[in-house]
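Asker: Residue numbers (UniProt numbering): 1 to 342. Backbone N, C-alpha and C define an ideal beta-carbon position, used for all residues, glycine too.
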Ligand code: F6P
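(1) On a Cα-Cα basis, can you pick out the residue from 286, 336 and 314 that is closest to residue 139?
(2) Could you name the residues that DSSP lists as bridge partners for residue 124?
(3) In the structure shown, what three-state DSSP assignment does residue 187 receive?
(4) Looking at residue 67: is its Cβ nearer than 8 Å to the Cβ of residue 5?
(5) For residue 37 versus residue 2, is the C-beta distance shorter than 8 Å?
(6) Are at least three pairs of beta-carbons, each pair with one atom in the region 6-23 and one in the region 139-153, less than 8 Å apart?
(7) Regarding residue 249 and the ligand F6P, is the C-beta to nearest heavy atom distance less than 7 Å?
(8) Enumerated in chain order, which unbroken segments of the beta strand (DSSP E) with a length of 3 residues or greater are wholly contained in the region 55-115?
(9) Taking the alpha carbon of residue 247 as the point to measure from, which residue in 188, 310 and 166 has its own alpha carbon closest?
(10) Provide the residue span of the alpha helix (DSSP H) that contains residue 267, from first to last.
(11) Which value, in whole angstroms, describes the spacing of the CA atoms of residue 281 and residue 237?
(12) Which residue spans inside the region 248-301 form an unbroken alpha helix (DSSP H) run of at least 4?
(13) On the CB-based measure, 16 or more other CB atoms within 10 Å of its CB, does residue 331 come out buried or exposed?
(14) Using C-beta distances below 6 Å, list every residue in its chain close to residue 294, excluding the 5 sequence neighbours before and after it, in chain order.
(15) Less than 7 Å between C-beta atoms, sequence neighbours within five positions excluded: which residues of the same chain meet that for residue 107?
(16) How would you call residue 272, buried or exposed, if buried means at least 16 neighbouring beta carbons within 10 angstroms?
(17) Is it true that the CB of residue 179 sits closer than 8 Å to the CB of residue 329?
(18) Have a look at 333, 75, 277 and 182 and flag the residue whose alpha-carbon is nearest the alpha-carbon of residue 44.
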């Protein structure tokens, strides 16, 4: 069998380790061959490939990004999109089965293609940790480490100037990165999409900290909404899956905090720094295990499933368990953290 591997959607530390895990186990144990599909679903639609053998994956476990490239292409769009065209392209380039490594959008597309008869196994990836069917996704731990270090650094300059710093982290419509990085760095307020807040409450937390002579640190997830807002702040249009591109809420909040409290305030948006660079040790191990499990799933012909972490075990779950429902931060986790606010 020749197995195609693709990475799709936003990149994330650990993608290369998945590829390496799959190829090493696939060649050493199952005696299969591989072909790299370039640039995500775009490569499937357009037949873009690259060699993928044991030599290609040497040393990849610690390398950030993805050697295969990625895109946010929707495989159902365009003249060559749709299941029949995609199957014809896979036949032409000699791919018998696919490992699709991606987040919600990628797995939803993989589900539609498998429903139409294509042979696909998925591997969940996202720094946002928002996929419901897996306890953790690789990339999240690395993003939290990067964000925590950044907040630690912001704190020293904040203390020097006695400023309030509003640090915006990614996470789309969930607050996992904000919650974990904020707790780890000792933030004085953590603002997440699951828990809208009033400007009064945020300023109250800031004022309490300032009154103690400290520099307030506010960590805000990009998808956070004030209780006066209907939707998350978005000024950059839509992505290829018609989802709003988020970002910029920190720049809205900082001047408002300053105006209401008199505490000089600055915004820092961490952005794609959180997705770059080498994966953490935890993410390297998790992604390698998921890659090896994905090739086992292919050998068992478990089409339409993805590998997932449950506790410490790697299991297979149907795509439908992973898509369409976000893993949000539970209220009790937020309440636990909020004891530390102000
Ligand atoms: O889903 C991962 C993520 O990094 C989100 O946290 C963020 O909203 C989005 O991707 C950014 O996407 P892009 O790389 O297309 O700007």
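Answerer: Checking against the coordinates, here is how it stands:
(1) It is 286.
(2) The partner list for residue 124 (beta bridge, DSSP) reads 102.
(3) coil
(4) no
(5) Residue 37 places its beta carbon 8 Å or farther from that of residue 2.
(6) yes
(7) no
(8) 97-102
(9) 166
(10) Unbroken run through residue 267 is the beta strand (DSSP E), 265-269; no alpha helix (DSSP H).
(11) 35 Å
(12) 249-261 and 281-299
(13) exposed
(14) 22, 99, 121, 123 and 307
(15) 122, 124, 306, 319, 322 and 323
(16) exposed
(17) yes
(18) 75
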